[in-house]
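Heads up: take any position in the sequence shown, counting from 1, add 121, and you land on this note's numbering. Ideal Cβ placement from N, Cα and C applies to all residues, glycine included.
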Amino acid sequence: MEIEDKINDISTNLSILIYQVKLKNKANLNDINTLLETAFKDILNIIYDYNLINLNNKYLYPAIDLGDESAKIAFQVTSENSIQKIKDTIKKFEENNLEIKYSKLKFLIIDEKKQYSKKHNIDKSYFIRIKKKY
């Protein structure tokens, strides 16, 4: 299979996934969000050579879902892309002093790309864009 075909397959499957998440969330079937935390943990570990763990495996962790203490990076995996969700997460991250353990907080948003304007005053370094490693 050509690389272009693989990229098209990935793109198609991610689009389907986003649509499924939206439909299930509208029906209050939110278990897919929890399942995707582990799936994206594995994907991020492969792509970036992290050692992320799902922090919600034992109990609901404040502000973040995935963390790699050695790389000092944490991820919030969410299907909600509102500016309020982002601000609330950053606030909880700071209130819980998580920057001591994790110097980087990244958002992995399972939704279509949204443009956040400068008026929202959000540091764009909080967002992750998965890039090819070739």
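For residue i, name the three-state secondary structure that DSSP assigns.
i	result
Tyr-182	coil
Lys-235	coil
Lys-222	coil
Ile-128	helix
So, for residue i: in the same chain, excluding its five sequence neighbours on each side, which residues have a beta-carbon less than 7 Å away from its beta-carbon?
i	result
Asn-146	Ser-200
Quick one: what's got a C-beta closer than 8 Å to residue i's C-beta in the same chain, skipping five residues either side?
i	result
Val-142	Ile-153, Asn-154, Leu-157, Ser-200, Ile-231, Asp-232
Asn-172	Asn-166, Asp-189, Ser-191, Ala-192
How should residue i be labelled, buried or exposed, when 16 other C-beta atoms within 10 angstroms of its C-beta is the threshold for buried?
i	result
Ile-221	exposed
Lys-252	Only weak support exists for where Lys-252 lies, its pLDDT of 41 falling under 50; the coordinates are left without a value.
Thr-210	buried
>> Using 8 Å as the cut-off, can you tell me whether the segment 155-167 makes contact with the segment 193-204, which would need three or more C-beta pairs spanning the two stretches below that distance?
In response: yes
>> I'd like the ranges of any alpha helix (DSSP H) spanning at least 4 consecutive residues and lying wholly in the segment 130-199.
In response: 152-169
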